[in-house]
DNA sequence: ATTATTTACGCAAACGATGCCAAAAACAAA
DNA sequence: TTTGTTTTTGGCATCGTTTGCGTAAATAAT
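Protein chains in written order, with the numbering used here: chain D, 1 to 331; chain W, 1001 to 1331.
Next comes the structure, spelled out in structure tokens:
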């Protein structure tokens, strides 16, 4: 059934394999008449080229490899959705590998992708990645790569990011506008690009409003729910904070949960703003003002940027795309 | 660098390609000494077999294809996580295709998978799939396939599902126990297996508690938020319901949103139970009692079942795995 | 009619790995 | 030494494509 090959088409039509191949690829050196014959017959038997054989021959796979920390995360799954959307439009397959925030898995994912001869990579770095030589491998092999969200510290790379500084600045400002003074910041490991940028936005905003930056109120937190609870408790009871600025998606939910546990009366005293990509934030009970990333657009832009780059005859200069975050208030 | 082939190893060691190949696969017909030489050299040059060439030769790809309605959905992304977990353990790659609830994309995804010579499929049917001949293709090609969640109506197939009937029954009972009498059910298209099973659980529970089943209170709803709003409004204001039983993840959030829009006083009158896989349901404001599916386990079980089947010499009888739902109350 | 040019196609060698078959090397038996 | 066995190894075809090169046949130029 699905095992029609060029050879069989050739046999049926009394043509050589190469002629059939060229006819299907619409080569100029094949006569119109035979082209038609081949095309028609191929369609009638539902011929589908074997991408594996093609890959082997041309050392390309018409597929891209996405490496992300975690699929089961609103932000990343939306990004994948965007990537998938663009890839589908342009006829590319998508491989997805998760690092689960592990450097080793990041490295091995890169190798798996290269083994599969993917045409390019889209990646967001793991929370443990603090050196970047494994990426040099890709560079030296001249494999196109687009980073998003958590990007390595270099500027001659393709990347799609959001204005994290501005998003954090505006989020913090929102809290200040509500009269809050002791604003804590719970965030991701400092090695991540997003952490630094958001932290700077937060600090910068405080300074601009004559609030001194208190390093004790800046907490780097893992994705362990209990750790979030401990940190929130300390901030609330010892440091007497009146607002929380949360640095990332999973963190935000953990922290919200921790705040909820403080009880209703405490909850109301603490204003919360945070980066998250949860749908329906307005259904959340400790009210949170969400700073959104346009995840779908990020994925779409990243995939298109990558494929453009893959298909370009002369490789263009690396491009940096910066999209806007947006806030979704709850009141 | 990464382009070491068997041929090059052979040249370096003065051995033929086939000897090298066999040495690496630890064949019994190769002398211990040469085996060691080959192994050592291969490691020293970081030899990695080219999976594409292997695939072409043996017509297998050591990869599985996952076809689901939507990645950006808590339930499915968790399932993928489980699949990925098992596949990684057992050395399989994973292709993911989304149908976006389209029958055509379901068909084309199957073809894409087959083109790539995947060793097997894991799928959950689209919301539009009401005939199943495209699946026969897989069957006739003898490609292993495991269904989960939304499965076709046949019993000689591999599948991993939950006890939807029981979950729905218990959910409905929960509402009855709170004294509710007019319990509406908003759910997915009736062609889906899950819809029917849950609907039966709901009806059965009502009957067992001497509440007559009112077909007007059973609403099949798309994933359009506005439709959910309209339906909820009608149910509340015209039909005067006092409880809602929601049939699926995305639906639940839409309906919750609709209920929220009714205003605080109305909200409190309506008790809500629903299938969902959102983390932190207890943070949701119209309170909802969640019926959870063990998504990670489903994925893990499905992948292991599939890979067991793929690797079995004698193909075993199709297996049906039924896992338990569990409730997470909010009060 | 002869030569030059174009057009339309076939042959064969890759791509990297596997596996059948035969052959060389090693050893045992005569 | 010769023959027979066993152990190790090499040669070659193959998977389904793509592509450079060669060459008939068809057309144009002389």
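We put the CB at the ideal spot given by N, CA and C, even for glycine.
The structure presented is a predicted model; accordingly, all values stated were derived computationally and were not measured.
Legend entry - Positions along the stretch 237 to 262 of chain D whose CB lies within less than 8 Å of some CB in chain W: 253, 256, 257 and 260
Legend entry - Minimum Cβ-Cβ distance from residue 78 (chain D) to chain W less than 8 Å: yes
Legend entry - For residue 76 (chain D), the three-state DSSP class (helix, strand or coil): Under the three-state reduction of DSSP output, residue 76 (chain D) falls in the helix class.
Legend entry - Which of helix, strand or coil DSSP assigns to residue 1191 (chain W): Residue 1191 (chain W) falls in the coil class under three-state DSSP.
Legend entry - Alpha-carbon spacing of residue 12 (chain D) relative to residue 123 (chain D), whole angstroms: 46 Å
Legend entry - residue 309 (chain D) versus residue 147 (chain D): straight-line alpha-carbon distance, rounded: 13 Å
Inset, instruction - Name the one or two DSSP bridge partners that residue 158 (chain D) has. - result: D:146
Inset, instruction - Pull up the distance between the alpha-carbon of residue 1061 (chain W) and that of residue 1117 (chain W), whole angstroms please. - result: 6 Å
Inset, instruction - With 8 Å as the threshold, decide whether the Cβ of residue 53 (chain D) is near any Cβ in chain W. - result: It does; some Cβ of chain W falls within 8 Å.
Inset, instruction - Work out the CA separation of residue 1300 (chain W) and residue 1085 (chain W) for me, nearest whole Å. - result: 7 Å
Legend entry - Rounded separation between residue 1126 (chain W) and residue 1251 (chain W) - CA only: 15 Å
Legend entry - 8 Å Cβ cutoff, residue 1017 (chain W) in contact with chain D: no
Inset, instruction - Report back the beta-carbon spacing between residue 1198 (chain W) and residue 1247 (chain W) to the nearest angstrom; my notes put them in contact at under 8 Å. - result: Indeed they touch by this definition, with Cβ atoms about 5 Å apart.
Legend entry - Backbone CA spacing between residue 1074 (chain W) and residue 72 (chain D) [nearest angstrom]: 7 Å
Legend entry - Rounded distance between the beta-carbons of residue 10 (chain D) and residue 20 (chain D), thought under 8 Å: 5 Å
Legend entry - Own chain residues within Cβ distance below 6 Å of residue 201 (chain D), not counting five before or after: Here the set comprises 165, 168 and 169.
Legend entry - Beta-carbon separation (whole angstroms), residue 128 (chain D) vs residue 1253 (chain W), contact threshold 8 Å: Their Cβ separation, rounded to whole angstroms, is 33 Å, which puts residue 128 (chain D) and residue 1253 (chain W) out of contact at 8 Å.
Legend entry - Euclidean distance between Cα positions of residue 1203 (chain W) and residue 1177 (chain W): 15 Å
Inset, instruction - Could you pull the start and end residues of the alpha helix (DSSP H) that residue 1312 (chain W) belongs to? - result: Unbroken run through residue 1312 (chain W): none, as it is neither H nor E.
Inset, instruction - Give the secondary structure of residue 221 (chain D) by DSSP, where H, G and I count as helix, E and B as strand, and everything else as coil. - result: coil
Inset, instruction - Anything in chain W within Cβ reach of residue 122 (chain D), meaning under 7 Å, just list it in chain order. - result: The contacting residues do not exist; residue 122 (chain D) stays about 14 Å from chain W at best.
Legend entry - Touch test, the stretch 1086 to 1099 of chain W against the stretch 1289 to 1306 of chain W, Cβ-Cβ under 8 Å, three pairs minimum: With a cut-off of 8 Å, the stretch 1289 to 1306 of chain W and the stretch 1086 to 1099 of chain W count as touching, because enough Cβ pairs lie within range.
Inset, instruction - Could you say which of W:1322, W:1318 and W:1328 lies nearest to residue 1155 (chain W) if we only look at CA atoms? - result: W:1318
Inset, instruction - Kindly say whether residue 1092 (chain W), judged by its beta-carbon, lies nearer than 8 Å to any beta-carbon of chain D. - result: Interface with chain D (8 Å Cβ-Cβ cutoff): residue 1092 (chain W) is excluded.
Inset, instruction - Go ahead and pull the three-state DSSP assignment for residue 1024 (chain W). - result: helix
Legend entry - 8 Å Cβ cutoff, residue 285 (chain D) in contact with chain W: Output row for residue 285 (chain D): interface = yes.
Legend entry - Nearest to residue 1249 (chain W) (by Cα), restricted to the options W:1267, W:1261, W:1235 and W:1281: W:1281
Inset, instruction - Note down the Cα distance separating residue 187 (chain D) from residue 1304 (chain W), rounded to an integer number of angstroms. - result: 37 Å
Inset, instruction - Tell me whether residue 1264 (chain W) is buried or exposed, calling it buried when 16 or more other Cβ atoms sit within 10 Å of its Cβ. - result: exposed
Inset, instruction - Rounded to whole angstroms, what's the CA-CA distance from residue 69 (chain D) to residue 221 (chain D)? Just pull it up for me. - result: Residue 69 (chain D) and residue 221 (chain D): Cα-Cα distance of roughly 16 Å.
Legend entry - Best match in W:1082, W:1294 and W:1306 for proximity to residue 1323 (chain W) [C-alpha to C-alpha]: W:1294
Inset, instruction - Could you give the DSSP three-state label for residue 139 (chain D): helix, strand or coil? - result: DSSP places residue 139 (chain D) within a helical segment (H, G or I) once states are collapsed to three.
Legend entry - When W:1195, W:1179, W:1158 and W:1312 are compared against residue 1209 (chain W), the one with the closest alpha-carbon: W:1179
Legend entry - Whole runs of the beta strand (DSSP E) within the stretch 93 to 139 of chain D, excluding any shorter than 3 residues: 93 to 98 and 120 to 123
Inset, instruction - Give the interface partners of residue 71 (chain D) over in chain W, defined as CB-CB distance under 8 Å, in chain order. - result: Neighbours of residue 71 (chain D) on chain W, chain order: 1071, 1077, 1080, 1081 and 1084.
Legend entry - Below-8 Å beta-carbon distance, residue 1279 (chain W) vs any chain D residue: yes
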